[in-house]
Amino acid sequence: MSWWKSFAYPWVLPLILVVVPLVWWSWLSERRRAPIRFSNTSRIPRSAESWSLRARTVLPVLRSLALILLVVSIARPRKADELTRIQTEGVAIELVVDRSGSMNQDDFTGPRGRKKTRLQAVKDVVHGFVRGDGRDLKGRQGDLLGLTVFARYPDTECPLTRDHDHLLKMLDKVRVPHGTPAQLEQEDGTAIGDALLLAVERIRNIGRRLLKSETFKIKSRAIILLTDGMQNSGKYQPTQAAEAAKALGIKVYTIGAAPRFQEMRAGPFTLGRQRVPIDEDSLKKVAKMTGGKYFRATDAGSLAAIYTEIDRLERSTIDEQQYYRYEELAYQWIDLRGLHLPPPLLVALILLGIETLLANTRFRKIP
Amino acid sequence: MENQTIDNFVDNIDQLKWLILVAVAAALMIYGLAMKKRAIRAFASPKLIGFLAPQSSWARQYVKAALAVAALIAIVTALIGPRWGRYFEPVQQRQLDLMICLDVSKSMLAEDAGMSRLDRAKDDIDRLLDHLAGATIGLVTFAGKAEPACPLTDDYEFYRLALEEVGIHSAPVGGTNLGDAIATARKAFGAEKNRNRVIVLMTDGEDHGGTAVDEAAKAHEAGITVYAIGIGDDNRGALVPVTQNGHRTFLKYNDQQLWSKMDPVRLQAIARAGGGEYHPSGQVTGTQRTLEWIYQQRIAPLQEEAASGRRVERRHVRFHWFAATALALLMIETLIGERRGGKCPTSP
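Just so you know, the sequences run in chain order B and H. Note that this note's numbering numbers the first sequence so that position 336 is 1465, with each residue one more than the last. Note that this note's numbering numbers the second sequence so that position 140 is 141, with each residue one more than the last.
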């Protein structure tokens, strides 16, 4: 949060630029006016300016600091009382991730040229999307996120929740279908339409419940659908599912995640290269129908950039949450980063006290 | 609906103690002026002083001292945090986060009243979902170790699905560790502070962990209320049916058939430490079973307390007026020179 929002009247602060120069102007012009007339000062040896004289400058310093603290106090620094801070708006995003066998191919290059599986690349990027990566992604704190994965059949691994730790744990556990060829036959496949429909249902369930909620408004609903191939199983077509999404006002962002070419392998032998078959037309249509966007990711870097862009598009602009109660900091003790700091007004009072003490004892001026 | 008043006329009346500092400062100024007078008198006679230092003025110094003392008093007045002028602030409704911890240890297979304890518990939770409104609900299953089965969510349909799939297999480690269940549930609550948080333990009470009461106390300290529902017969208990080698027999411990009894004493202690209540599971009213009843009678009213439309009466902060006065006084004090203005008149 921008620092000036911590003040009730930030426009008071420029007074410092008036007040402090005045203190110094007064101090310096005071020094210029001769206190005592003497006919001829040439006789008085020019004694070296004593320490005491130079040290006297501490007086205007103390006064300046005290006045700065006074101005800061008048501007009313305050802290939002954590107990009453509530996030009242957020975004609901259902993440849909393809976990079909082809996602296990390690033809996605990471940032340092390392090879990753497509699935691992997705997991890494989603981690950054959810938690923030310290650079472009800020994390989705306060938003409702859910996870649905699909191969031949779709499964919701995590319902829409604010418990992102749990979602990421479930994401980490996602595997491509494995086992005997018979088991693979049962499990492997790419059912994009069915997965999309299940995602729509997840959002619809909470939408109904939170529609009348006064405590939390869903500002926007979105599905981020990622696949590396073509639909080859499932009951519904992606475009059919997109109709359902459109009816509920859910935006679907579609990502085709695969390099342009993949190697054709037969055991240990590489036979050559072929174009990776992705149903881009279908994905583009789904995005267009629902007001989302289609992206193509050919490596980990472009995948990250895509999620960053979606992150920007789906940011709930509520960075300032509604605070209901403030704590005035000018006259309270402040706990900042483990330090227990005294209130600015008190410090100002003490500084003025010290100034009074010095001005009337050690640094007394005569007359 | 009653309006709550939060503020008094003064926030920290004890800060008046700083008036002592003001008194000391005033004394110092008097002392300083007295010392100056003495030094000047030692330097030259008053008439000569009037000639040598025509611009110095005692009157100004008195005025400056008075302004400074007034400013210090104004600061102390600001420090006590004065307030006046009433206004109203709306209170926002707190959302409820309800975490259910369900025992899935082997003893939950005992069939006390026709159904296995686990099935009965699942049925109770299912019925609760019909009454839940404006709350997120989560599920932790536990035996020897606890596992989060469903995070806090508004998606009650998904919750039902997750609940259906819960069984003895849901927790891999055997035994019963209530402390771990409470700790796992506590971790599932988010960081946002302004929510009503409740944990409901559904178990037959046999605890092999021993940390449950401590965990309940810790949870309570973190603002969570812990309720406990005891499932099963606490009198005779029941045998635990298991399937061994395809046959249906009863669980044995040391070659003797194990009678699993519900232990209310420990559950009462846990609920007490958690700031909640213990109730044995049963039919409380004609239509309500224990879990629903606890929700309607104890948990839901907490929501209504903070229902929207409620207002809180507050008083305006006014200290900044006093701080501004102090600033103005000090600025005047600064700008009043100790010497009268104008160039030093040269000697004739």
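Glycine included, every Cβ here is placed at the ideal spot set by N, Cα and C.
Using a C-beta cut-off of 8 Å, the segment 136–155 of chain H makes no contact with the segment 311–326 of chain H, since fewer than three inter-stretch Cβ pairs fall below that distance. Among the residues facing chain H, residue 1456/B is not included, as its CB has no counterpart in that chain under 8 Å away.
Under the 8 Å criterion on CB atoms, residue 151/H is classed as interfacial with respect to chain B.
DSSP places residue 1208/B outside any alpha helix (DSSP H); the residue lies instead in the beta strand (DSSP E), whose first and last residues are 1207–1209. Sequence-distant Cβ neighbours of residue 1317/B in its own chain, meaning closer than 7 Å and more than five residues away, are 1229, 1230, 1280, 1281, 1306. Proximity of chain H to residue 1295/B at the Cβ level (cut-off 8 Å) is accounted for by 149, 152, 189, in chain order.
Going by C-alpha positions, residue 291/H is about 30 Å away from residue 192/H. In this structure residue 98/H is buried. Its beta-carbon is surrounded by 16 or more other beta-carbon atoms within 10 angstroms. When DSSP reads this structure, residue 1349/B sits in a beta bridge with 1220/B. Rounded to whole angstroms, the gap between the alpha carbons of residue 1255/B and residue 129/H is 34 Å. In this structure, the straight-line span from the alpha carbon of residue 181/H to that of residue 217/H is close to 10 Å. By the criterion of at least three beta-carbon pairs nearer than 8 Å, the segment 1245–1254 of chain B is not in contact with the segment 1268–1279 of chain B. Interface annotation for the segment 8–20 of chain H against chain B: 12, 13, 16, 19, criterion Cβ-Cβ distance under 9 Å. Shown here for residue 63/H: same chain residues with a beta carbon closer than 8 Å to its own, the five before and five after excluded, namely 34 in chain order. Taking a C-beta cut-off of 8 Å against chain B, the contacting residues of the segment 73–90 of chain H are 73, 76, 77, 79, 80, 81, 82, 90, listed in chain order. In this structure, residue 1407/B keeps its C-beta atom at 8 Å or more from the C-beta atom of residue 1382/B. Under the criterion of beta carbons closer than 8 Å, residue 1221/B and residue 1347/B qualify as touching, at roughly 5 Å.
In this structure residue 1487/B touches residue 1187/B by the C-beta definition: roughly 7 Å separates them, less than 8 Å.
Under the DSSP assignment, residue 207/H falls outside any beta strand (DSSP E); it carries neither an H nor an E label. DSSP places residue 165/H inside the alpha helix (DSSP H), whose first and last residues are 157–165. At a Cβ-Cβ threshold of 8 Å, residue 1332/B and residue 1223/B count as neighbours. Look at residue 251/H here: in three-state DSSP terms it is strand. In the DSSP assignment, residue 232/H falls outside any beta strand (DSSP E) and carries neither an H nor an E. Against chain B, the CB of residue 318/H has a partner CB under 8 Å away; the residue lies at that interface. With fewer than 16 other beta carbons inside 10 angstroms of its own, residue 32/H counts as exposed. Of the residues 1266/B, 1184/B, 1411/B, 1397/B, the one whose Cα lies closest to the Cα of residue 1372/B is 1411/B. Rounded to the nearest whole angstrom, the CA to CA distance from residue 220/H to residue 197/H is 13 Å.
Here the alpha carbons of residue 1240/B and residue 207/H stand approximately 52 Å from one another. Within the same chain, 239, 242 come within 7 Å of residue 112/H by CB-CB distance, once the 5 residues on both sides are set aside. Only residues of its own chain outside the window of five on either side were considered, and among them 1463 have a CB closer than 6 Å to the CB of residue 1470/B, listed in chain order. Against chain H, the CB of residue 1155/B has a partner CB under 8 Å away; the residue lies at that interface. Residue-level contact by beta carbon holds for residue 338/H and chain B, with a gap shorter than 8 Å.
Listed along chain B, the residues sitting closer than 7 Å to residue 158/H by beta-carbon distance are 1334. In this structure, DSSP gives residue 1462/B a state outside helix and strand, which the three-state scheme calls coil.
Between residue 214/H and residue 147/H, the CB-CB gap reaches or exceeds 8 Å. In this structure, the beta-carbon distance from residue 186/H to residue 100/H falls below 8 Å.
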